[in-house]
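The listed protein sequences correspond, in order, to chains A and B.
Going by our numbering, the first residue of the first sequence is number 1, and it counts up by one from there.
Going by our numbering, the first residue of the second sequence is number 1, and it counts up by one from there.
The structure under discussion appears below in the form of C-alpha cells.
Protein chains: 2
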Amino acid sequence: MEEKDFEELEQLLEEKKFSELHKRFLDMNPVDIAEFLGQIDTVNLLSAFRLLPKDISADVFSYLDTEQAEHIVRSITDKELCRLVDDMFIDDTVDFLEEVPANVVNRVLRAADPETRKTINRYLNYAEDTAGSIMTNEMVQLHTKYTAKQAIENIRKTATDKETIYTCYCVDESRRLVGTVELKDLLLCDEDTKVGDIMDDKDQLITVQTSDDQEMVAELARKYDLLSVPVTDAEGRLVGIITIDDIVDIIEQENTEDFEKMAAMRPADETYLKTGVFKMAKNRILWLAILMISATFTGQLMSSKEALLSNWVFLTTAIPMLMDTSGNAGNQVSTLMIRGLALGEIKIKDYFVVLFKEFRVAVICALMLVVLNFGRMWIMNAESGDLTQYLIVSAALFIAILIANAIGCSLPILMKLIHLDPALMAGPMMTTILDVTTLAVYFGIAQKILIK
Amino acid sequence: MEEKDFEELEQLLEEKKFSELHKRFLDMNPVDIAEFLGQIDTVNLLSAFRLLPKDISADVFSYLDTEQAEHIVRSITDKELCRLVDDMFIDDTVDFLEEVPANVVNRVLRAADPETRKTINRYLNYAEDTAGSIMTNEMVQLHTKYTAKQAIENIRKTATDKETIYTCYCVDESRRLVGTVELKDLLLCDEDTKVGDIMDDKDQLITVQTSDDQEMVAELARKYDLLSVPVTDAEGRLVGIITIDDIVDIIEQENTEDFEKMAAMRPADETYLKTGVFKMAKNRILWLAILMISATFTGQLMSSKEALLSNWVFLTTAIPMLMDTSGNAGNQVSTLMIRGLALGEIKIKDYFVVLFKEFRVAVICALMLVVLNFGRMWIMNAESGDLTQYLIVSAALFIAILIANAIGCSLPILMKLIHLDPALMAGPMMTTILDVTTLAVYFGIAQKILIK
C-alpha cells in the first residue's frame, strides 16, 4: 500500500488553522487519523487530538501507538479521561493498559466508573495471550424467550455500547451460554418467533474458555468462519467475546512469532522499529550462542579428518556444497511440516504418509542434483579430474539429501508429539543438525573407499 | 485443536441408519459435517450428502475438498445440481470451478441459470489471486434516497441470497459506489433518516479494483478492521465484495507463500498432503540447484586456501562455526525485515534507522559471542592452544557478524526497492551469500597475520 500523504494536514496544524483541520477530520477514517497523529510531534499531539469529532476520538485513540496514547492520557484533564475511558471498548482499554507503567494504569482506573474498573481489573489478571486477556464484555445478550421483535428492540436500545451486534448470545437464568443467533436471522424471521427457536443451539456452539490460548481462538474462527467467538468461564457462563478484527490481529501476531522462532529468535512483543537495541540483542543472542557452540562439533569432526582431507584435497572443495544442499533440502521439508502442522493440514497420524512422500521427493531431487553436480565437477576439473572422488561426492550428496528429508519431516512432528513448538526445528537448528550428519556420511564413504 | 471423533456417525452410515444420521446432521455445524464427509469412502459419499438438511447442503458442499466436491457433482442428477448451484454463493462456486476439469465446469455452467452463468464466466476470467477472482456479487445495494426503514425492508426481502448484510453499499444511478452504511447504523437511527445522510461517504471509502492483488485486499481489511471490502471496476462501478472469511483465508495463504519462499521453494497451490510428489520436487529443485551451484564457489574459495589451512590446521576447525554463526545472524535480521516489510511496519525510508540499529545490535551480539567462543577455544585446547589463531578466529567472527547484519537488513529492503519479493532474500539465499563473505574475511585476516 502507498503511504498516505498528510502534508496538507500538517500545514494546517502548523498554521493553527484548527477549525479547518477539525473539518478535515470529520471526513477521515479513524485509522487514517491515528496514522496522521502518529507522525506529528508530541508538542502538537494534544491540540490535534482535542480537535477530533467527539464520536470518533475514542476510536482514534485505540488505533494510536502506545507512546502517543500514553502521552495523551498523561496530558488530558480528568474529565476528558473519564469520557475517553467511558467511550472506549473494554478490550482496547485492557490492551493499552497492558503496555503502560503503573501510574498511567492507576490514572485510567480512577477515571473509570466502578463497574468498568472491576471488569478491567479482572481482565488484566488473565494471563497474556489467553482468550481472557483479549476479550471484551460488550456483546449483545438475549433471553431465549424473547420474540424476534423484542430482541431487535433490545438490540436497538443497547447497540451503541456493543462491539458487535451481528452475532447475539443467548443465555439462561444463571448466565450460562445456551446458543447464538445471527442478527440476520432475527431480521428474516417472523417477528413473533422466539429467539430460542431460531438460535444455533448447544451442539453447534463453538466456545473457548478464558484460559485457552489465543491461537486456538484464531483457529476456531478461521475454521468455522465466525465473526466473533464467545468466551465462557469454567462453569459455562458467558463472560465475553472476541471479535474478528482482533482475531485477524492474532493471526498475524502468531505468524510473526512463527517466523521469528523459525529464524532462531525469541518472539518480540513489539514491532521492529519500537523494539530497543538491547531487547533485540537479548532476543537473538541465546540461539546464536547455542548454535555457535553446536557448530564447533562440526568443526571438530572436520579437523579430526585432517589426514584424509589433506591427502585428497578435492574432497575439501565439496564440503560447503554438501552441507548447504542438505541443509536447504531439510529446511524446505521442515518449513512445510511446521506450516502444515500450524494450519492443521498435517496431523501426527499422517507421519508415515509424509515420510514415504518425502522419501520419493528426495530420490527425485537427489538424482537430479547428483547428475547436475557430476556434470559440473566434470567440466570444472577437466584436467585434474578423479572419477573415484566424483563418485564419493555424488554418493554422499544422494544419501545426505535422503537423510535431510527424513530428518526434516520427522523432527517437527516429533516436537508436536512431545508438545513442544515444531517451529523450533526450522532453518538454523535443522542446518546445524544436518551439517553433522552430512559430514559423517561424507567422511564415512570417503574412508571406506579411499583408505582400504 | 483436537480432531473430532466421527466414529458414531460412521457406524450409522455403515449400518444404513439414514434417518438417524439425518437427525444428527440437523444439529451439526456445516464445517464439521464437511470434515466428516471428508473421511468417508466415495462409495458412501453421495448417500451421505443426500441426507443433508436442504438448507445447509450448499454450505457443506463449499467446505468440501475439491476431489469430493467433484465426485458429488459428477454423481448427482441435473436437478440436484441446479439446486446446488442456485444455493451456493458465487465466490464459492468460482473457487470450486477454478480447481476442476473442463467437463465438470461445463456441467455446472449448464446447471446455472443464464444470469448466474454469465457472472461465473466473467469471474473465471479474472487473473488468479486478484480481487476479481475471489469476490462475490451477493451484496446489499441501497439507494442513497432510501429511508432507514425502506432500507431495512429491502434488506429483509433480499437477505437470504446475500453473503453479508452487515455492511451495505450505496450506489448512484450509474451503479457507481458512493458510500457504505453499516446495518448497525440503519437500526440505530430514526427510521425516516435518509441512507445518504448516515452513510460513510466518498472520502472515507476503502475500495479495491478487480485487478488489484488479493494481498492488498487483506492488508486494507486488516488495517481498517473491515468486515467486507467493495470491489469496483475501472469506472468506479460496484461489481462485488470480498468478505472477511475469505480475507482470513487469504492472509493465511499469503503467509504460507512467504514461509515457502523463505525456505527457497516455489509456493504450492495445494496443501501438503494433496500436492503430488513430482509437483513437490518441481517446486523445490530449482532453488536447490541454484544454491548448490552457488555453494561450490565457497568450496573453491576453501580449496584455494589449501596451503594456509594445511599449515594451520586449527583454522579449519573454526570454519563451520564462522559460516553458521554469520548465516544465522543474517537470517535473523532478514526474517525481521521481510516480516516488517510485509506487514508495513518497516518502510523503505526507514533504511538508515534500521541499518544503524542493526549495527548496534550486531556489536552487542558479536562481542558476547566472541567472548564465549574465546573461552570455549581456551578450555577445549588447553594444551595445544595458540593465541594468534584464537585472535584471528575472534576478529573474523566479530567482523562476519557485523557484515551479516548489514547484508541481512540491506538485501530485503533492496529487493523491495526494485519491486521484487523481499522473501527471496531469506535463509538459504542469505546463508549462501554470507558463507562467501565470511570465508573471505576469515582468510583475509589469517593471511595478513600469519603470512607476513
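Where a beta carbon is used, it is the ideal one built from N, C-alpha and C, also for glycine.
When you compare each of the options to residue i by their alpha carbons, which one comes out closest?
i: B/N283; options: B/E260, B/A318, B/T298; result: B/E260
i: B/V208; options: B/E163, B/I72, B/I242, B/V181; result: B/I242
i: A/G344; options: B/V229, B/M28, B/E252; result: B/E252
i: B/M88; options: B/G375, B/A400, B/D161, B/N311; result: B/D161
i: B/L13; options: B/D32, B/N29, B/L45, B/D5; result: B/L45
i: B/M321; options: A/D92, A/T130, A/I40, A/D435; result: A/D435
i: B/D324; options: A/A400, A/A395, A/N331, A/T298; result: A/T298
i: A/S47; options: A/L301, A/D86, A/T77; result: A/T77
i: A/N154; options: B/N405, B/L187, B/V181; result: B/L187
i: B/V248; options: B/M216, B/G236, B/A263; result: B/M216
i: B/M332; options: B/E138, B/A426, B/K448, B/G38; result: Reading off the sequence, residue 332 of chain B comes out as Gln, not Met. Nearest option by C-alpha distance: B/A426.
i: B/F6; options: B/I33, B/D245, B/S19, B/K16; result: B/I33
i: B/L391; options: B/L355, B/A268, B/A404, B/L450; result: B/L450
So residue i and residue j are in contact, right, with Cβ under 8 angstroms, and what is the actual spacing, rounded?
i: A/A362; j: A/L402; result: 5 angstroms
i: A/L273; j: B/D350; result: 6 angstroms
i: A/V104; j: A/R74; result: 7 angstroms
i: B/T432; j: B/S294; result: 5 angstroms
i: A/S303; j: B/T316; result: 5 angstroms
i: A/V31; j: B/K223; result: 6 angstroms
i: A/I120; j: A/A111; result: Their Cβ separation, rounded to whole angstroms, is 11 angstroms, which puts A/I120 and A/A111 out of contact at 8 angstroms.
i: A/L142; j: A/Y169; result: 7 angstroms
i: B/I338; j: B/P422; result: 5 angstroms
i: B/D59; j: A/Q204; result: In fact, because the Cβ distance is near 12 angstroms, the residues do not count as touching under 8 angstroms.
i: B/V239; j: B/V231; result: 6 angstroms
i: A/D91; j: A/M135; result: 6 angstroms
Is the distance from the Cβ of residue i to the Cβ of residue j below 8 angstroms?
i: A/T147; j: A/D192; result: yes
i: B/I413; j: B/I319; result: no
i: B/D212; j: B/V178; result: no
i: B/V94; j: B/L64; result: no
i: B/N381; j: B/L397; result: no
i: B/M368; j: B/V393; result: no
i: A/C409; j: B/I285; result: no
i: A/I459; j: A/G330; result: The structure shown does not extend to residue 459 of chain A, since chain A spans only 1 to 452, so no value can be given for it.
Can you name the residues that DSSP bridges to residue i?
i: B/H143; result: B/V171
i: B/I242; result: B/V229
i: B/V181; result: B/C168
i: A/T256; result: According to DSSP, A/T256 bridges with nothing at all.
i: A/D32; result: None; A/D32 has no bridge partner.
i: A/K357; result: For A/K357, which the question treats as bridged, DSSP gives no partner whatsoever.
i: B/T136; result: B/I241
i: A/D213; result: A/T130
Mind checking if residue i is an interface residue toward chain B, Cβ cutoff 8 angstroms exclusive?
i: A/C168; result: no
i: A/M1; result: In this predicted model, A/M1 has a pLDDT of only 43, less than 50, meaning its place in the structure is not dependable; the value taken from the coordinates is given anyway. Yes - at least one Cβ of chain B is within 8 angstroms of the one on A/M1.
i: A/L450; result: no
i: A/V94; result: no
i: A/Q204; result: yes
i: A/C82; result: no
i: A/S211; result: no
i: A/D350; result: yes
i: A/S303; result: yes
i: A/V454; result: The question about residue 454 of chain A has no answer, for chain A in this structure spans 1 to 452.
i: A/N137; result: no
i: A/Q39; result: no
i: A/E10; result: no
i: A/V195; result: no
Using a Cβ-Cβ cut-off of 8 angstroms, state whether residue i counts as contacting chain A.
i: B/A295; result: yes
i: B/T432; result: yes
i: B/V298; result: Sequence inspection shows Thr at residue 298 of chain B; the Val mentioned does not correspond to that position. Closer than 8 angstroms to some Cβ of chain A, the Cβ of B/T298 qualifies, so yes.
i: B/P412; result: no
i: B/A151; result: no
i: B/A159; result: yes
i: B/P230; result: no
i: B/E252; result: yes
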